[in-house]
Amino acid sequence: MSSLPQPSADALAQSARLLEHIEAELAAAAGWIPFARYMELALYAPGLGYYSGGARKFGPGGDFITAPELTPLFGQALAAQVEQVMRASTPALIEVGAGTGLLAADLLLELERRGCLPERYGILELSGELRERQFDTLAAKVPHLAARVHWLDALPERFSGAVVANEVLDVMPVHLLVSRAEGLFERGVAIATDAAGIRRLCWADVPAAGAVAEGARALALPVPQSGEYVTELNLAGKAWVAAWAERLHAGALLLIDYGYPRAEYYLPSRSGGTLLCYYRHHAHGDPFLWPGLNDITAFVDFTAVAEAGFEAGLDVQGYTTQAQFLFNCGVLECLERRGARESADYIRAARAVQRLTAPQEMGELFKVIALSRAIDGPLLGFARGDRTHAL
Numbered sequence: 000m001s002s003l004p005q006p007s008a009d010a011l012a013q014s015a016r017l018l019e020h021i022e023a024e025l026a027a028a029a030g031w032i033p034f035a036r037y038m039e040l041a042l043y044a045p046g047l048g049y050y051s052g053g054a055r056k057f058g059p060g061g062d063f064i065t066a067p068e069l070t071p072l073f074g075q076a077l078a079a080q081v082e083q084v085m086r087a088s089t090p091a092l093i094e095v096g097a098g099t100g101l102l103a104a105d106l107l108l109e110l111e112r113r114g115c116l117p118e119r120y121g122i123l124e125l126s127g128e129l130r131e132r133q134f135d136t137l138a139a140k141v142p143h144l145a146a147r148v149h150w151l152d153a154l155p156e157r158f159s160g161a162v163v164a165n166e167v168l169d170v171m172p173v174h175l176l177v178s179r180a181e182g183l184f185e186r187g188v189a190i191a192t193d194a195a196g197i198r199r200l201c202w203a204d205v206p207a208a209g210a211v212a213e214g215a216r217a218l219a220l221p222v223p224q225s226g227e228y229v230t231e232l233n234l235a236g237k238a239w240v241a242a243w244a245e246r247l248h249a250g251a252l253l254l255i256d257y258g259y260p261r262a263e264y265y266l267p268s269r270s271g272g273t274l275l276c277y278y279r280h281h282a283h284g285d286p287f288l289w290p291g292l293n294d295i296t297a298f299v300d301f302t303a304v305a306e307a308g309f310e311a312g313l314d315v316q317g318y319t320t321q322a323q324f325l326f327n328c329g330v331l332e333c334l335e336r337r338g339a340r341e342s343a344d345y346i347r348a349a350r351a352v353q354r355l356t357a358p359q360e361m362g363e364l365f366k367v368i369a370l371s372r373a374i375d376g377p378l379l380g381f382a383r384g385d386r387t388h389a390l
C-alpha cells in the first residue's frame, strides 16, 4: 500500500473515530461481526462512513469517476429510456444515489428538450454531504428546473414512474463466503493483537448459517480440493429489489452497474471474489485500510437481481451491456448534436463515448437491467442485443 497517497491528518483522525466505533461493536458482538456489517459501517456509519462523511468521492479530485462525470451524453441517452417508461406509466422519476447531481441535471435538461419533464424528480440519498453537492449542482446547471427536485429519506410507500440507480448495487454490503473441502464458511471481522502489541482488524471465519448458508447453497459454489474459494453474496441487494417491487405500481427500475450473470460470476477461476476498494483512483484489496476513507465495492450478480424482481412479481424487461443499451438509446445521435466533428468539443465527447462503450473500457463490464410492472411492449434500451437469456 506504499503507492497510495497518504490521507490528511484530519482524514486519519476521522478514520480512527470510525475504527473505535467498529471496535465497540465488535466488543458488543463477542468479538466477531459479518463482513456485511463491517462494510455497512465503513460506508454508511452516520457522520463517519465513506458515504456519510465529508470526503470528496467523485471526479478527478475524488476516488473514482462514474459515467455522468465523463460526459452528459450518458444522461442524454438514458433520458430516451426514461421517457418511454414515464409515458407508459406516470411522469415521475426517482434517482437512487445521485452522486454529484450531474446525472440529474443531464436527465432534466434532455427530458425538457424532449418535452417530457417529470412532474417531480425525487433523489433518494443517504449522505447529507452529497445532498448539498447535488443541490448546488442543480442550482448551477438547471436553476429553472431545480424546484422540481426533492430529496427522499427512504423508499416511497407507493410509486409509479421510472427509477434510475447508477452504480448503487455494487456498494451494498455483501457477505463473504468461503468454500473449502471441509465445508462452507462465512468470513467476518475480528480483532487480533500483532507481534508489536498493536490491535488490528483481521479476518475470522465461522460456519455459514441461516440466510447466508441458504443463499450460498443456491449458488452451488466450487469446492476446491485444497485451498479455498472466496466470493460474495449480496443479500441486501435482493432485499432492496424486493422492497421496490412492493412499492412499484407501474413503471420500471433501470439498474446500471458492473457485474456478471451468475454463470460468469461464480466461475472456478474467480477464486478470490470481486471485492475491491478505491482510494484516490487507486484500486486495492484491503478493506481494513483507513476505514471510512475508501470506497468498498463488489461486482453485481445480475441473475440474483433478476430472480429477486421476478419472485416479487416484476417483469424482467431486458438485460444487456452498457454499450448496447446506450447505442439502442441513441448515444451516437446525441453525439452528433455536439456540432462539427473537427471541433474540440466533439472530439472530447467522442472520446468519452468511446470510454463508455468500448469493450475494454466500460462498455462490456457494465450492464443494464430493467425490472418493470404494467409496462407493455419492449423497452428501447434492449431492442437489440438483449442478453436476458444469459441470466
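So the sequence shown is numbered by numbering that gives the first Met the number 0: it starts at 0 and just counts up by one.
Every residue, glycine too, gets a C-beta built ideally from N, C-alpha and C.
Since residue i contacts residue j with CB under 8 Å, what's their CB separation in whole angstroms?
i: F324; j: V352; result: Between V352 and F324 the Cβ distance is about 13 Å, and since that is not below 8 Å, they are no contact.
i: E227; j: R179; result: 5 Å
i: G160; j: G100; result: About 19 Å separates the two Cβ atoms, so there is no contact after all.
i: L72; j: C328; result: Their Cβ separation, rounded to whole angstroms, is 10 Å, which puts L72 and C328 out of contact at 8 Å.
i: A207; j: L176; result: 7 Å
i: Y265; j: L220; result: 6 Å
i: D385; j: T319; result: 6 Å
Determine the direct distance from the alpha carbon of residue j to that of residue i, and round the result to whole angstroms.
i: W239; j: P67; result: 23 Å
i: A164; j: G96; result: 7 Å
i: A204; j: P117; result: Per the sequence shown, the amino acid found at residue 204 is Asp instead of Ala. Answer to the nearest angstrom: the Cα atoms are 48 Å apart.
i: E341; j: L275; result: 39 Å
i: G74; j: D9; result: 35 Å
i: A343; j: F134; result: 30 Å
i: P358; j: A322; result: 8 Å
i: E39; j: R86; result: 37 Å
i: E128; j: P33; result: 28 Å
i: R336; j: I197; result: 60 Å
i: L254; j: V330; result: 18 Å
i: E306; j: D193; result: 44 Å
i: C115; j: Q83; result: 9 Å
i: G271; j: A215; result: 16 Å
i: T387; j: G317; result: 6 Å
i: G258; j: M171; result: 13 Å
i: E22; j: A35; result: 15 Å
i: F158; j: T65; result: 27 Å
i: E181; j: L18; result: 33 Å
i: T296; j: A28; result: 24 Å
i: E24; j: A369; result: 38 Å
When the cut-off is 8 Å and only beta carbons count, does residue i lie next to chain B?
i: P172; result: The chain inventory of the structure shown lacks chain B, comprising one protein chain alone.
Whose C-beta lies closer than 6 Å to the C-beta of residue i among residues of the same chain, with five residues either side of it excluded?
i: A78; result: L106, E109 and L110
i: A189; result: G30, W31, C201 and A203
i: V162; result: I93 and L252
i: G380; result: Q80, F324, N327 and C328
i: L144; result: L107
Taking 7 Å as the limit between beta carbons, can you name the residues of its chain near residue i, skipping five residues before and five after?
i: Y43; result: Y50, S51 and L125
i: A103; result: E94, A97, Y120, I122, Q133, L137 and V148
i: A244; result: G308, A311, G312 and L313
i: P260; result: F301, T302, A389 and L390
i: A339; result: Y345
i: Q224; result: A180
Helix, strand or coil for residue i per DSSP?
i: E94; result: strand
i: R16; result: helix
i: T99; result: coil
i: D344; result: helix
i: A303; result: helix
i: I374; result: coil
i: D285; result: coil
i: M264; result: The identity of residue 264 in the sequence shown is Tyr, whereas the question assumes Met. DSSP places Y264 in helix when its eight states are reduced to three.
i: I21; result: helix
i: T320; result: strand
i: R119; result: strand
i: P67; result: helix
i: L106; result: helix
i: A78; result: helix
i: D193; result: coil
i: F298; result: coil
i: A351; result: helix
i: L42; result: helix
i: L334; result: helix
i: D314; result: strand
i: D204; result: strand
i: R112; result: helix
i: R36; result: helix
i: R386; result: coil
i: A8; result: helix
i: A369; result: strand
What residues in its chain sit with their C-beta under 8 Å from that of residue i, if we drop five residues either side in the sequence?
i: Y278; result: L3, P4, D62, L288, W289, L292, N293 and D294
i: P6; result: S14, W289 and L292
i: H20; result: L40, A44 and L47
i: R383; result: Q323, F326 and N327
i: A242; result: L154
Note down, one range per segment and in chain order, each alpha helix (DSSP H) of at least 4 residues found wholly within the region 125–190.
Taking only runs of at least 4 residues, the alpha helix (DSSP H) segments lying wholly in the region 125–190 are 127–140.
Report the residue ranges of all beta strand (DSSP E) runs contained in full by the region 210–278; include only those spanning at least 3 residues, in chain order.
If we require 3 residues or more, the beta strand (DSSP E) runs fully inside the region 210–278 come out as 228–232, 247–259 and 275–278.
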